[in-house]
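In our numbering, the protein residues as written are 1199 to 1447.
Here is the structure we will look at.
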Amino acid sequence: VPWSKAVISPEIAQGTSPVGVFGDDFELLFKDQYGKYISPWHDLSLYGTASNSYTFVVEIPKYETAKMEVNKEDMFNPIKQDRNKDGSARYYTYGTPFFNYGLLPQTWEDPQNCDTQGHCGDNDPLDVMEIGDSPLPMGSVVDIKILGSLELIDEGETDHKIIAIRLDDKDAHLIHDMASLEYVKPGLINKLIDWLKKYKTSDGKPENFLSSDFPTSQQEALEIIEECHERWVNLKAGRSGTTEGFYVN
């Protein structure tokens, strides 16, 4: 699908509070059932409400090109649009994303956690690419099934991408891991790999690379999640050596 710049606001999840103008000073705040502001990064549970599920927070709905993300420094960590170095609003320009994108709460890729090649965590919550059939409203909080992961090396930093499907998707009963994903949606894994490698090339940047062109198993992905959860626990408790000016209350 060709790239296009969004000219209307995306659908917003119920129970969230949008502020400002989309594409400019927009931010999306989260509230609990009592109307109290909460952080989607720190206050939502990593674990879903269903057995063996995890919590997915939608930052970028499927087919949206505005690069939205939870702001780690602002109070209550609202979803805001990322900015280019010149201050302009950032958009994905390598086609239109064909997945819902977001994060796993209570996780953190620790920049002090480095591999043997010197690639260290990207200092963000774990990213999720949800491959369900339809777009989810921005700010949605949904239960997902973990299928596997891809390890992106983005400008020298480790940036794991957890591959998942939401539990209420029409194909969730058929897809349980990366092998069944390929069986039910043939070619989708290769499309994900292509997108991760090349999505910055349309902005004049070099290709990213993956530590492996083969996705991890479901079990390996779950181990990555648990490690990043433990790193978040240390961050929240002030034991990580740094909080980087993050809002962690």
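Glycine is no exception: its CB is placed at the ideal position from the N, C-alpha and C atoms.
For the alpha helix (DSSP H) containing M1336, name the first residue and the last one.
Premise fails: M1336 is in no alpha helix (DSSP H) and is neither H nor E.
I'd like to know whether the C-beta atoms of K1265 and D1280 end up nearer to each other than 8 Å.
yes
Return the residue from the list L1386, I1361, E1424 and I1344 that minimises the CA-CA distance to S1249.
I1344
Which value, in whole angstroms, describes the spacing of the CA atoms of R1364 and E1328?
7 Å
Count the other CB atoms within 10 Å of the CB of R1429; is the residue buried (16 or more) or exposed (fewer)?
buried
Separation of L1386 from V1199, as counted between CA atoms
A caution first: V1199 carries a pLDDT of 49, below 50, which makes its placement in the model unreliable, though a value can still be read off. Each residue's alpha carbon lies about 14 Å from the other.
Give the DSSP-derived three-state secondary structure of V1199 in the structure shown.
Only weak support exists for where V1199 lies, its pLDDT of 49 falling under 50; the coordinates are left without a value.
How many angstroms separate the CA atom of K1359 from the CA atom of E1349?
6 Å
Cβ-based burial, N1298 [other Cβ within 10 Å; buried from 16]
buried
Since E1405 and K1395 are thought to touch, with beta carbons under 8 Å apart, how far apart are those beta carbons, to the nearest angstrom?
Between K1395 and E1405 the Cβ distance is about 5 Å, and since that is below 8 Å, they are a contact.
Could you check what DSSP says for V1256 in three-state terms: helix, strand or coil?
In the structure shown, V1256 falls within a strand segment according to DSSP collapsed to helix, strand and coil.
Is T1399 buried or exposed, if buried means 16 or more other CB atoms sit within 10 Å of its CB?
exposed
In this structure, does DSSP put A1211 in helix, strand or coil?
coil
For E1355, the three-state DSSP class (helix, strand or coil):
strand
Secondary structure at E1262, three-state DSSP: helix, strand or coil?
The answer is coil: DSSP assigns E1262 none of H, G, I, E or B.
Which residues in the same chain as M1273 place their Cβ atom closer than 6 Å to its Cβ, once the five residues preceding and following it in sequence are excluded?
Y1445
Output the boundary residues of the alpha helix (DSSP H) element that contains V1326.
Per DSSP, V1326 belongs to no alpha helix (DSSP H); it is in the beta strand (DSSP E), D1325 to E1328.
Coarse secondary structure for S1387, derived from DSSP in three states
The residue you asked about is not Ser; residue 1387 is Ile in the sequence shown. It is helical.
Here's the rule I'm using: 16 or more other beta-carbon atoms within 10 Å means buried, otherwise exposed. How should C1312 be labelled?
exposed
Just checking my contact of G1218 with V1255 at CB under 8 Å: how many whole Å lie between their CB atoms?
19 Å between Cβ atoms; not a contact.
Among the candidates W1306, G1330 and D1341, whose CA atom is the shortest distance from the CA of K1270?
W1306
DSSP has P1303 in a bridge; who is on the other side?
Beta-bridge pairing links P1303 to no other residue.
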